[in-house]
Amino acid sequence: MTVVRIESLSKVYGAVRAVDRISVEIGDGEFISLLGPSGCGKTTTLKMIAGFEEASEGAIRFDGADVVRVPAEKRDIGMVFQNYALFPHMTVDQNLAFGLEMRRVPRAEMRSRIDRVLEMVQLSGFSGRYPSQLSGGQQQRVALARALVIEPRILLLDEPLANLDAKLREEMRVFIRDLQRRVGITTVYVTHDQAEAMTMSDRVVVMFGGRIAQVGAPADIYERPQNLDVARFVGQVNLVSGTVTSADGGTLAIDTAFGRAAAPARDGLYPGQAVTLSLRPEAIGLGAPGKAGAPGRVEARYYSGSLIDYRVALDGGETLHVQSFPTVAFAEGDRVSVHAPADRLWLIGAAQ
Amino acid sequence: MRSRVLAAYCILIYLFLAAPIIIVVGASFNAGNFLTFPPQGLSLRWYVVFFHNDVFMRAIRTSLWVAAVTTCVSLVVGTMAALFYVQHAGRWKETVRVAMLAPLLLPEVLTAIALLFFVYAIGIGTRSMFGMVVGHVLMTLPFVFINVAASLESFDPDWDMAARSLGAGRWTRFRRIMLPLIKPGVIGGALFAFIISFDLFTISFLLKGIGTSTLPIQLFDYLRTNFTPEAAAVSTLSVLLTLGVVIVSDKVLGLKLHRF
Amino acid sequence: MSAASAAVAPAPSRLRLGPLVLIAPAAILLAVFLVIPYLNILLMSFRAPGQGTPYGEGFTIANYLRFFSDGFYIRQVANTLWIGFLCTAICLVVGFPVAWQLARGSPRFRAIGYGLVLSPLLVGIVIRSYGWTILLGNNGLINRTLTNIGLIEGPLPLMYNALGIVIALVHVFLPFMILPLMAAIQGVDPSLETAARSLGASRLTAFRRVTLPLCMPGIQAGCILVFVLSLSAYVTPSLIGGLRVKTMAVTVVDALIDTFQWPWGSALALILSVTGALIVVLFARLTRMKWKVART
Chain V
1 MTVVRIESLS KVYGAVRAVD RISVEIGDGE FISLLGPSGC GKTTTLKMIA
51 GFEEASEGAI RFDGADVVRV PAEKRDIGMV FQNYALFPHM TVDQNLAFGL
101 EMRRVPRAEM RSRIDRVLEM VQLSGFSGRY PSQLSGGQQQ RVALARALVI
151 EPRILLLDEP LANLDAKLRE EMRVFIRDLQ RRVGITTVYV THDQAEAMTM
201 SDRVVVMFGG RIAQVGAPAD IYERPQNLDV ARFVGQVNLV SGTVTSADGG
251 TLAIDTAFGR AAAPARDGLY PGQAVTLSLR PEAIGLGAPG KAGAPGRVEA
301 RYYSGSLIDY RVALDGGETL HVQSFPTVAF AEGDRVSVHA PADRLWLIGA
351 AQ
Chain Z
353 MRSRVLAAYC ILIYLFLAAP IIIVVGASFN AGNFLTFPPQ GLSLRWYVVF
403 FHNDVFMRAI RTSLWVAAVT TCVSLVVGTM AALFYVQHAG RWKETVRVAM
453 LAPLLLPEVL TAIALLFFVY AIGIGTRSMF GMVVGHVLMT LPFVFINVAA
503 SLESFDPDWD MAARSLGAGR WTRFRRIMLP LIKPGVIGGA LFAFIISFDL
553 FTISFLLKGI GTSTLPIQLF DYLRTNFTPE AAAVSTLSVL LTLGVVIVSD
603 KVLGLKLHRF
Chain S
613 MSAASAAVAP APSRLRLGPL VLIAPAAILL AVFLVIPYLN ILLMSFRAPG
663 QGTPYGEGFT IANYLRFFSD GFYIRQVANT LWIGFLCTAI CLVVGFPVAW
713 QLARGSPRFR AIGYGLVLSP LLVGIVIRSY GWTILLGNNG LINRTLTNIG
763 LIEGPLPLMY NALGIVIALV HVFLPFMILP LMAAIQGVDP SLETAARSLG
813 ASRLTAFRRV TLPLCMPGIQ AGCILVFVLS LSAYVTPSLI GGLRVKTMAV
863 TVVDALIDTF QWPWGSALAL ILSVTGALIV VLFARLTRMK WKVART
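Chains as they are written, first to last, in the numbering used here: chain V, 1 to 352; chain Z, 353 to 612; chain S, 613 to 908.
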């Protein structure tokens with residue numbers, strides 16, 4: 001399988017840099033997601049890897065060889081499109097056979113490969129159907145099969161689950177990930193859904209405005225976001241204010257409503273400065289009033305079955321989003337004490 | 353209640369639209385010598401007379417020939433133009449569209465006159481069929497263009513990208529993906545072109561040479577002076593011919609495409 | 613939060629050379645056989661009449677003067693325009709309900725209805741006009757039926773006059789009115805009417821204030837199309853009007869084919885076309901102003 005290295009890749013339209021010097025290395029068999037809001041350049045990046053967009057600057061290396069000048073049809077990629085793009089005038093069989101025909105695979109081998117891959121996507125017996133006779137989920141699986149049957153060097157998926165309904169999307173997430181693990185193919189997955197990116201990927205590349213904001217394993221991105229944008233985009237987050245009290249021994253001590261937090265020393269942060277920290281809603285605990293923690297009042301309450309979301313106003317002025325299991329429940333208007341472990345407070349940077 | 357009144361009204365209008373055709377077909381079966389409807393007695397005698405009428409037979413052959421040539425030329429030129437319009441026109445899209453539809457927007461009479469002067473100016477005159485065929489091509493071009501362009505617009509660019517991602521080169525993509533999917537448009541365009549060319553009158557009338565005649569012209573001449581049901585018989589056969597072309601083409605060539 | 617907005621590639625500002633090959637045949641065809649010949653008509657209308665030849669030497673505005681000097685031709689243009697108006701108006705009134713039914717009715721009948729509306733077009737113009745001559749004559753089907761029922765005493769004059777021409781033209785051009793209307797009505801979301809009614813408007817008011825203005829572009833298109841077509845119709849007025857009533861198109865063709873007066877015929881044709889075009893432009897302006905037609 002293939003190692004992909006993207007070096008300083010850019011896409012420029014006149015004065016606009018839709019993709020700005022992206023560099024990332026994707027390991028053999030790794031599942032990496034490009035995550036970001038609409039317009040962040042993730043799809044453009046994918047299209048450049050595939051060869052449908054010409055790179056303005058930079059290199060894309062498949063196993064060391066730069067493919068930037070190689071036309072898409074010769075890059076040996078497998079691509080899954082958001083709207084499936086199954087050829088409507090061909091049966092499932094013919095759709096799957098197409099890529100094999102381009103590679104001049106002999107008939108007999110074609111048959112066995114198609115059968116095998118249809119079994120992998122659990123669509124054996126659907127050979128003779130036309131795309132219009134399949135449901136959305138089935139079409140997506142055929143699209144996946146068509147990309148995999150040719151055994152390409154890398155698998156590219158462009159928001160493949162966006163057109164499916166919520167339940168199906170969750171099932172397909174697991175399905176695709178399991179399949180990818182079994183086949184072991186290097187995969188690049190584009191999505192704007194951070195839950196999708198987090199559950200499926202080995203690593204996530206978060207992009208804003210054409211640039212990479214952070215690269216890392218899902219846990220890194222979630223628990224240690226490097227800036228405000230990443231913290232806000234991935235999961236729900238509370239932004240808590242604090243003040244640096246001391247900066248000796250390579251560690252900062254920060255005073256917050258939840259007690260003292262610690263963080264590695266950083267340039268530009270000195271005692272007395274106001275800073276912002278992130279605190280995930282599920283890290284906050286609510287207790288009866290008067291118990292340890294900051295005093296506050298429940299302003300609103302949203303019950304969603306497995307969790308309850310609260311909006312809590314601290315007496316000190318801040319409003320927090322708190323998420324907890326329904327084991328202990330509070331009603332709107334209740335006074336509560338709000339506490340959070342200091343090690344869940346993550347320093348983002350100076351207050352803006 | 354309201355919708356039933358509407359439905360009844362619509363049926364009335366459809367009858368209105370169909371009436372003259374029914375009349376003509378019915379009148380063709382007249383046993384008598386007069387062009388009346390309902391026919392006085394039923395007979396096929398006028399069909400027999402028509403088949404022995406060399407002038408009409410020759411006119412039909414001419415019409416068919418012109419329609420065939422027109423369809424071929426129109427198809428090629430129109431399909432190419434439609435491909436350009438949908439895929440490459442960019443900012444010029446509106447301009448191309450208006451230009452391609454121009455022969456429809458301009459009065460047929462004016463176009464015929466314009467061509468008449470033109471063929472005389474370049475020395476050919478109406479001696480050859482050139483002027484007439486050009487006129488027919490101009491009038492049928494918009495229909496081919498509209499049909500093929502409509503088919504192309506429903507062509508999802510992702511299909512082309514998918515084919516590329518699977519390793520297909522430009523010609524293979526055109527042959528295996530694009531062509532089969534625009535077949536409905538191309539066939540529809542060809543049908544329209546053939547039928548319209550077959551029935552064109554004014555252009556043919558002004559650009560025909562001495563001694564040549566297309567079926568509509570022949571009918572027209574006949575109708576001004578002759579009042580036997582023979583013309584009705586000819587008309588009926590012309591209608592059947594047109595219907596036949598539509599049905600046969602749809603069954604033989606169009607069948608596979610109904611799937612999507 | 614910074615999010616660069618330009619993820620959309622702008623359209624190519626320069627046409628690449630290769631694809632131009634695709635449009636070349638059509639472009640050449642239209643330029644050589646449409647644009648130039650039309651300009652030639654303009655030129656021809658200023659030529660001097662010829663003796664024994666279609667046209668003579670030199671240029672003159674005599675042809676245009678001839679038109680204005682004789683009331684006969686002015687009346688004929690007016691007559692032709694009037695026929696055009698009538699035909700357009702009748703097509704609109706008659707065709708709108710049909711278009712409505714097609715657009716809002718059940719989809720099953722839409723395909724059949726669509727085919728029915730298109731079917732007359734499959735039959736040649738000559739044959740259709742011919743059918744009308746059978747229907748409209750003094751001894752024709754309409755007169756005989758009406759006489760037999762006892763509705764009228766003597767035959768109604770339906771042939772060789774403007775009335776017959778209008779009836780036949782309405783028949784010929786009705787599909788050209790119904791189809792754009794149908795498209796326009798289909799483009800109006802029915803829930804807009806429902807919303808208006810939920811706010812208290814009667815069915816008629818909802819139609820008048822909401823649906824109709826939104827259909828305006830289609831109504832405009834249909835009217836302009838039918839008007840232009842009926843002005844330049846040749847076959848139908850020729851067969852039904854006979855020698856007694858001639859529309860401009862008939863007169864023009866006569867001038868060209870029968871009497872070989874090309875400059876004169878060209879001038880007539882251009883006068884008719886320009887007049888028609890002016891009316892169309894006026895109509896477009898008026899309807900846009902009055903109904904505040906939405907530019908889609």
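Every residue gets a Cβ at the ideal spot worked out from N, C-alpha and C, and that includes glycine.
Helix, strand or coil at residue i according to DSSP, with G and I counted as helix
i: glutamine 352/V; result: coil
i: tyrosine 130/V; result: coil
i: isoleucine 212/V; result: strand
i: isoleucine 562/Z; result: coil
i: alanine 342/V; result: helix
i: proline 391/Z; result: coil
i: phenylalanine 612/Z; result: With a pLDDT of only 35 at phenylalanine 612/Z, under the threshold of 50, the placement of this residue in the model should not be trusted, and no figure is reported.
i: histidine 192/V; result: coil
i: threonine 757/S; result: helix
i: phenylalanine 62/V; result: strand
i: phenylalanine 258/V; result: coil
i: glutamate 378/V; result: With chain V covering only 1 through 352, there is no way to say anything about residue 378/V.
i: glutamine 139/V; result: helix
i: aspartate 309/V; result: strand
Residue i: contacting residues in chain S (beta-carbon distance under 7 Å)
i: proline 372/Z; result: Arg740, Gly743, Trp744, Leu747 and His783
9 Å Cβ cut-off: residues of chain Z touching residue i
i: asparagine 83/V; result: Asp508 and Asp510
i: alanine 50/V; result: Met513, Arg516 and Ser517
i: proline 709/S; result: Leu358, Tyr361, Cys362 and Ile365
Short Cβ contact (7 Å threshold) for residue i with residue j
i: glutamine 570/Z; j: alanine 383/Z; result: no
i: isoleucine 797/S; j: alanine 674/S; result: no
i: glycine 184/V; j: glycine 29/V; result: yes
i: aspartate 202/V; j: phenylalanine 62/V; result: no
i: glycine 519/Z; j: glutamate 73/V; result: yes
i: threonine 276/V; j: isoleucine 348/V; result: yes
i: aspartate 229/V; j: alanine 213/V; result: yes
i: isoleucine 221/V; j: valine 204/V; result: yes
i: phenylalanine 233/V; j: cysteine 40/V; result: no
i: proline 649/S; j: phenylalanine 497/Z; result: no
i: valine 237/V; j: serine 278/V; result: yes
i: alanine 18/V; j: valine 80/V; result: no
8 Å CB neighbourhood of residue i in its chain, flanking five on each side removed
i: phenylalanine 98/V; result: Phe87, Met90 and Arg146
i: phenylalanine 572/Z; result: Phe553 and Phe557
i: leucine 607/Z; result: At leucine 607/Z, the pLDDT of 43 sits below 50, so the modelled position is not reliable and the matter cannot be decided from this model.
i: phenylalanine 671/S; result: Phe658, Arg659 and Ala660
Cβ of residue i within 7 Å of any chain Z Cβ
i: alanine 72/V; result: yes
i: methionine 110/V; result: no
i: arginine 69/V; result: no
i: tyrosine 650/S; result: yes
Chain-ordered chain Z contacts of residue i [CB-CB under 8 Å]
i: methionine 656/S; result: Phe469
i: alanine 59/V; result: The contacting residues do not exist; alanine 59/V stays about 20 Å from chain Z at best.
i: phenylalanine 98/V; result: Ala515, Leu518, Ala520 and Arg528
i: glycine 102/V; result: The amino acid at residue 102/V is misidentified as glycine; the sequence shows methionine. In chain order: Leu518, Gly519, Ala520 and Thr524.
Neighbourhood of residue i by C-beta distance below 7 Å, restricted to the same chain and skipping five residues each side
i: tyrosine 574/Z; result: Ala583
i: proline 71/V; result: Gly51
i: proline 289/V; result: Pro295, Arg335, Val336 and Ser337
Interface partners of residue i on chain V, CB under 9 Å
i: leucine 369/Z; result: Under the 9 Å cutoff, chain V gives no residues; its nearest Cβ is about 34 Å from leucine 369/Z.
Contact with chain S by residue i, beta-carbon distance below 7 Å
i: aspartate 551/Z; result: yes
i: cysteine 424/Z; result: no
Same chain, Cβ closer than 6 Å to residue i, neighbours up to 5 away in sequence not counted
i: phenylalanine 126/V; result: Val92
Neighbour list for residue i in chain S, Cβ cutoff strictly below 9 Å
i: leucine 571/Z; result: Gly736, Val738, Ile739 and Tyr742
i: isoleucine 412/Z; result: Chain S residues near isoleucine 412/Z: none, gap ~12 Å exceeds 9 Å.
Closer than 8 Å at the beta carbon, the chain S residues around residue i
i: serine 590/Z; result: Val735, Gly736 and Ile739
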